[in-house]
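Undergrad: Residue numbers (my numbering): 83 to 265.
#1: If you draw a straight line from the C-alpha of residue 183 to the C-alpha of residue 147, how long is it?
#2: Taking the alpha helix (DSSP H) that residue 207 belongs to, which residues open and close that run?
#3: State the start and end residues of the unbroken alpha helix (DSSP H) segment that holds residue 253.
#4: Under the assumption that residue 191 contacts residue 225 (Cβ atoms under 8 Å), give the Cβ distance between them as a whole number of angstroms.
#5: In angstroms, rounded to a whole number, what distance separates the CA positions of residue 171 and residue 152?
#6: Look at the alpha carbon of residue 130 and the alpha carbon of residue 115, and state the distance between them as a whole number of angstroms.
#7: With residue 257 and residue 264 assumed to form a contact (beta carbons below 8 Å), what rounded beta-carbon distance in angstroms separates them?
#8: From residue 262 to residue 254, what distance separates their C-alpha atoms?
#9: Cα separation between residue 173 and residue 229?
#10: Once DSSP output is grouped into helix, strand and coil, what is the label at residue 100?
Okay, here's the thing in structure tokens:
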């Protein structure tokens, strides 16, 4: 059996070259077929994409010809929910009026204020009005100080000494930039 496999070197070389040529030809055919399949698939995807776009435009055009009440009935639940979400995002831009912001922060502080009812009732029964006045004044001054601290230190993390040294936040940033440059 080993003798049948071994033949002259020229015969094996020529048979190997023939086999190699056949494999090369098969490879080229496979590449051509693959390219054709890819091109066909790309054309099919473009066609379905164009059809989807044209049907969407047709749907939008058909809605324009309807009356308002009929047009509302044509929207899907998903479209309505997406519209509501976009509308809510536009509305939730925060408090833009300074008066509303001040009022909201005032009511927030009032909610957080702890009232000691027993001390109030005891102080009401006592005739020592001066001590009660003093306690109330201390609480009010603490609340005002807390409010001022929040105003000057908001988003900055600065001390009160640094808070008054700048005209505005932009000026503070500019001065800090200059200090970095020359330090």
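Cβ coordinates follow ideal geometry from the N, Cα and C atoms, glycine included.
TA: Reading from the atomic positions:
#1: Taking the CA atoms as reference points, residue 183 sits about 45 Å from residue 147.
#2: That run of the alpha helix (DSSP H) goes 199-207.
#3: 251-264
#4: 6 Å
#5: 27 Å
#6: 23 Å
#7: That pair is no contact at about 11 Å.
#8: Taking the straight line from one Cα to the other gives about 12 Å.
#9: 27 Å
#10: The answer is helix: DSSP assigns residue 100 an H, G or I state.
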